[in-house]
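Visitor:
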Amino acid sequence: MDVNTKALKKNAFRVTKERGKTASRVRVPGGHMDACYLSMIQDIAEKYGNGTVHITNRQGFEIPGIDYADMPKVNEMLQPIIEGLDINQTDPGTGYPASGTRNVSACIGNRVCPYACYDTTAFAKRIEKAIFPNDLHFKIALTGCPNDCAKVRMHDFGIMGMTLPRLDPSRCVNCGACVKYCRRKSVEALETVNYRPKRNEEKCIGCGECVLNCPASAWTRDEKKYYRLTLLGRTGKRNPRLGEDFIKWVDEDSIIKIILNTYKYVEHYIDRSAPGGKEHIGYIVDRTGFEEFKKWALEGVELPEIAEVTTPVYWKGVHYTK
Amino acid sequence: MGYCYKTQDLQQVFSALTETYDLYAPRLFPNKGAFSDTDLVRYDRITSPEEIVLDRKSRFSPKEVLLPISQTLFYFTEDKVTEPNPPKKDAVIFLRSCDLHAIRRLDYMYLENGPEDSYYRQLRDHVKFALLGCSSCFDSCFCVDMGTNKNTDYDFSLDLTGDTWKIDVKWQEQEELFRKYAVSQETVSPAFVTETKTRVHIPENLTAKAAKSSVWKEYDSRCINCGRCNFSCPTCTCFTMQDLFYTDNGKVGERRRVWASCMVDGYTDVAGGGSYRKTNGERMRFKVMHKALDFKQRAGYQMCVGCGRCDDVCPEYISFSHCLNRLSDAMKEVEDL
């Protein structure tokens with residue numbers, strides 16, 4: 001059997017422990033899709049796979065037990081899924097064009113969750129359109145609010161929804177709900193001054209508890225959507241660590257520019273001699289220093305006035321090499 | 001007399017009215033709902049008929065206009081007290097039948113229940129009412145059972161049928177204005193519903209004994225005492241007072257009255273640290289019994305007008321109408337006590 005493993009990996013198949021068998025990896029950007037695609041995945045698994053499907057950590061489906069020879073037929077069957085999920089593709093019918101950049105994953109967001117500050121799937125798909133196909137190893141995840149159910153701090157780019165709360169004092173009844181919930185569920189950014197809540201702007205993390213719990217609609221959300229962008233969290237062998245805050249109150253357009261800029265930075269600085277030519281961004285930044293990364297990342301980015309950039313960023317985590 | 005208009009004609013009437021009146025109606029506030037990317041419908045000033053939201057119920061009632069959420073009663077300096085200026089313009093409030101019935105309840109509370117309240121009177125004397133016809137009910141409405149589905153006590157009515165606005169005018173001093181821009185004249189009577197999906201029966205034999213029933217107990221844990229039911233209610237009239245001193249000069253300040261809620265902590269706090277209704281079940285009992293019994297004993301008619309807003313806004317899905325329907329069982333339970 002002669003199989004080009006480099007090519008099949010790029011095509012979103014994998015080399016498995018079972019000789020002669022591969023697995024097809026289906027991505028669901030933003031983790032939400034029409035239910036009709038489930039039966040198509042079922043068909044592939046039953047026709048070419050071993051009848052099982054693994055639900056992946058990154059909100060995809062992995063269909064194992066496929067003969068290498070069947071990859072073209074599987075790719076044909078994947079076509080309606082790839083089109084339906086609006087994946088950028090170079091040649092129709094040939095499957096996924098790249099697999100380096102991982103699926104952009106997201107919590108359920110404001111399509112369902114009351115806490116979410118935005119539509120996580122829609123933003124994930126917007127990022128998907130901007131960055132795919134791409135062979136560089138990037139992990140991006142979105143979460144609706146600072147609860148971070150999507151664990152975005154474990155990713156290269158973590159995007160956390162924020163609500164800028166606005167108070168209409170004429171609607172405030174001083175019931176104390178916002179102050180209480182901010183104290184008990186969030187960061188104690190509110191206190192009552194002269195019968196009205198006073199917001200500590202530095203402390204506020206934009207979780208929206210004040211808005212959610214205001215019975216009089218005195219607190220509402222600002223028209224603009226804002227995010228916290230965390231950087232370069234990772235799992236892995238050498239130095240697993242949580243992503244650290246980079247920009248608080250950043251907007252969608254800036255996030256996309258920063259991610260695209262980072263691809264340029266990685267193209268420029270990646271160590272091509274690394275095993276598989278694959279190097280995580282975080283280790284590149286460790287090598288070049290944060291300031292160099294920041295210079296590239298913020299090139300041409302016009303941040304909103306209220307954005308707060310943390311600089312320099314220091315990471316902690318567990319070091320197994322020291 | 002009844003008149004018909006297309007939107008652009010009615011706009012002329014609205015434009016003329018806004019010279020002397022502030023028009024208040026349920027208005028859409030995009031993305032101002034508590035959840036992200038959701039809207040809020042509440043009362044606010046409008047200038048055109050298209051701004052009136054007819055297909056959704058307003059989260060808050062029109063009482064905000066007559067009973068501001070936070071109202072400064074006077075400003076004080078060391079030896080002087082000054083009342084704020086009244087609104088420059090009179091008001092026209094666009095409201096549905098149930099809400100217009102609710103105004104009658106506000107009148108009772110503020111004008112007939114003891115001495116007149118001058119702050120309420122000041123605003124009340126400068127308000128006209130435009131009845132919004134109801135061609136259908138919303139899921140939580142129960143106006144028919146509360147007898148509030150019809151109302152003729154309006155200055156003019158407003159119904160939208162297809163793209164034609166129909167208005168019945170009783171407001172003689174503006175009759176000419178309405179006639180001037182009308183496309184045609186016909187007899188108009190505002191639409192009203194004759195049945196609702198939600199049905200409510202308050203037992204005739206209801207007495208204060210129902211307070212001893214066990215039905216209130218479950219609300220101890222279900223209710224979160226947020227007060228949304230009170231703040232959205234068109235007939236809740238409670239307020240509290242706030243004296244605040246401007247911080248730069250501790251001798252100058254203002255007194256204002258602000259909506260209060262019998263569900264929210266602090267409502268029954270008294271000097272000496274006492275607090276009378278501590279559990280949420282007790283608060284629910286007080287609210288329901290006040291609406292269904294106490295008010296009626298004094299005023300002779302039900303306080304609740306069946307708008308159903310309290311059911312719509314409760315984050316814990318506690319239904320006030322369902323609770324009213326439990327009162328018959330509650331009375332049976334306490335019969336022999």
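These protein sequence lines are chains A and B, in that order.
Each residue of the first sequence is one higher than the one before, counting from 1 in full-length UniProt numbering.
Each residue of the second sequence is one higher than the one before, counting from 1 in full-length UniProt numbering.
Note that the Cβ used here is the ideal one computed from N, Cα and C, for glycine as well.
Treat the numbers as computed from the prediction; the structure is a model and nothing was measured.
1. Could you check whether the Cβ of residue 272 of chain B sits closer than 8 Å to any Cβ belonging to chain D?
2. Consider the Cβ of residue 226 of chain A: report whether some Cβ of chain B lies at a distance smaller than 8 Å.
3. What does the Cβ neighbour count give for residue 32 of chain A, buried or exposed, with the cut at 16 atoms within 10 Å?
4. 8 Å is my cut-off, CB to CB: does residue 327 of chain B come that close to chain A?
5. How would you label residue 153 of chain A, buried or exposed, when you count the other beta carbons within 10 angstroms and need 16 or more for buried?
6. Would you say residue 283 of chain A faces chain B, with C-beta separation under 8 Å as the test?
7. Quick check: the stretch 41-54 of chain A against the stretch 107-118 of chain A, are there 3 or more CB pairs under 8 Å?
8. Can you say whether residue 302 of chain A is buried or exposed, counting buried as having 16 or more other CB atoms within 10 angstroms of its CB?
9. In whole angstroms, give me the CA-to-CA distance for residue 245 of chain A and residue 14 of chain A.
10. Measure from the C-beta of residue 174 of chain A to each C-beta in chain B and report whether the shortest distance is under 8 Å.
11. Any idea what DSSP makes of residue 126 of chain B, helix, strand or coil?
12. Rounded to whole angstroms, what's the CA-CA distance from residue 136 of chain A to residue 293 of chain A? Just pull it up for me.
13. Which chain A residues sit within Cβ distance under 8 Å of residue 381 of chain B?
14. Can you tell me whether residue 283 of chain A sits near the ligand ATP, meaning its C-beta is under 7 Å from at least one heavy atom of the ligand?
15. Quick one: does residue 169 of chain B have its CB under 8 Å from some CB of chain A?
16. Would you identify the three-state DSSP class for residue 275 of chain B, choosing helix, strand or coil?
17. Under 8 Å, Cβ to Cβ, is there at least one residue of chain A near residue 248 of chain B?
18. Could you tell me the boundaries of the beta strand (DSSP E) in which residue 417 of chain B lies?
19. Quick check on DSSP: helix, strand or coil for residue 229 of chain B?
20. Relative to the C-alpha of residue 297 of chain A, which candidate in A:156, A:305 and A:191 has its C-alpha closest?
21. How should residue 205 of chain B be labelled, buried or exposed, when 16 other C-beta atoms within 10 angstroms of its C-beta is the threshold for buried?
22. Using a Cβ cut-off of 8 Å (strictly closer), state whether residue 242 of chain B contacts chain A.
23. Residue 254 of chain B by DSSP, collapsed to three states: which one?
24. Going along the chain, which unbroken runs of the alpha helix (DSSP H) with 4 or more residues stay wholly within the stretch 104-176 of chain A?
25. Give the residues from the UniProt domain "4Fe-4S ferredoxin-type" (295-323) of chain B that approach chain A closer than 7 Å (Cβ to any Cβ), ordered along the chain.
26. Starting from residue 242 of chain B, follow the alpha helix (DSSP H) in both directions and report where the run begins and ends.
27. Kindly give me the distance between the Cβ atoms of residue 211 of chain A and residue 165 of chain A, rounded to whole angstroms, as I take these residues to be in contact under 8 Å.
28. Do you know how far the Cα of residue 255 of chain A is from the Cα of residue 136 of chain B?
29. Applying the 10 Å Cβ sphere with the 16-neighbour rule, what's the burial state of residue 218 of chain A?
30. In three-state terms, what does DSSP make of residue 89 of chain B?
31. How about residue 177 of chain A: is its C-beta nearer than 8 Å to some C-beta of chain B?
32. So is residue 93 of chain A buried or exposed if we call it buried at 16+ other beta carbons inside 10 Å?
33. In chain order, what are the residue ranges of uninterrupted alpha helix (DSSP H) at least 4 long that sit wholly in the stretch 165-200 of chain B?
34. Taking the straight line between their C-alpha atoms, what separation do you get for residue 118 of chain B and residue 82 of chain B?
35. Could you tell me which whole alpha helix (DSSP H) segments of length 4 or greater appear in the stretch 250-276 of chain A?
36. Have a look at residue 115 of chain A and residue 144 of chain A and give me their C-alpha separation to the nearest angstrom.
Guide: Checking against the coordinates, here is how it stands:
1. Judged by its chain identifiers, the structure shown contains no chain D, and its protein chains are A and B.
2. No, residue 226 of chain A does not count as interfacial toward chain B.
3. Residue 32 of chain A is buried by the Cβ-count criterion.
4. No, residue 327 of chain B lies away from the interface with chain A (no Cβ there is under 8 Å from its Cβ).
5. Buried, since its Cβ has 16 or more Cβ neighbours within 10 Å.
6. No - not a single Cβ of chain B is within 8 Å of the one on residue 283 of chain A.
7. No contact exists between the stretch 41-54 of chain A and the stretch 107-118 of chain A.
8. Exposed, by the Cβ-count rule.
9. Residue 245 of chain A and residue 14 of chain A have their C-alpha atoms spaced approximately 34 Å apart.
10. Yes - at least one Cβ of chain B is within 8 Å of the one on residue 174 of chain A.
11. Note: residue 126 of chain B maps to coil in three-state DSSP.
12. Rounded to the nearest angstrom, the two C-alpha atoms are 16 Å apart.
13. Past the boundaries of the shown model lies residue 381 of chain B; chain B is included only from 1 to 337, so the question cannot be answered.
14. Absence of the ligand ATP is noted for the structure shown, with no ligands found whatsoever.
15. No, its Cβ sits nowhere closer than 8 Å to a Cβ of chain A.
16. Three-state result, residue 275 of chain B: strand.
17. Residue 248 of chain B does not count as touching chain A.
18. The requested residue 417 of chain B does not occur in the structure, where chain B is confined to residues 1 to 337.
19. Here residue 229 of chain B sits in helix by DSSP.
20. Out of A:156, A:305 and A:191, A:156 has the C-alpha closest to the C-alpha of residue 297 of chain A.
21. Its Cβ having fewer than 16 others within 10 Å, residue 205 of chain B is exposed.
22. Output row for residue 242 of chain B: interface = yes.
23. The three-state secondary structure of residue 254 of chain B, taken from DSSP, is strand.
24. Whole alpha helix (DSSP H) segments, 4+ residues: 120-131.
25. Taking 7 Å as the Cβ-Cβ cut-off against chain A, none of the residues of the UniProt domain "4Fe-4S ferredoxin-type" (295-323) of chain B qualify.
26. Counting along the chain, residue 242 of chain B falls outside any alpha helix (DSSP H), though it belongs to the beta strand (DSSP E) covering 239-245.
27. The distance from the Cβ of residue 211 of chain A to that of residue 165 of chain A is about 5 Å, consistent with a contact at the 8 Å cut-off.
28. So the alpha carbons of these two residues sit roughly 47 Å apart.
29. Buried, since its Cβ has 16 or more Cβ neighbours within 10 Å.
30. The answer is coil: DSSP assigns residue 89 of chain B none of H, G, I, E or B.
31. Taking a beta-carbon distance threshold of 8 Å, residue 177 of chain A counts as an interface residue toward chain B.
32. By the neighbour-count rule (16 or more Cβ atoms within 10 Å), residue 93 of chain A is not buried but exposed.
33. Counting only runs of 4 or more, we get 175-181.
34. Those two C-alpha atoms are separated by around 15 Å.
35. Counting whole runs of 4 or more residues, the stretch 250-276 of chain A contains the alpha helix (DSSP H) stretches 252-269.
36. Residue 115 of chain A and residue 144 of chain A: Cα-Cα distance of roughly 7 Å.
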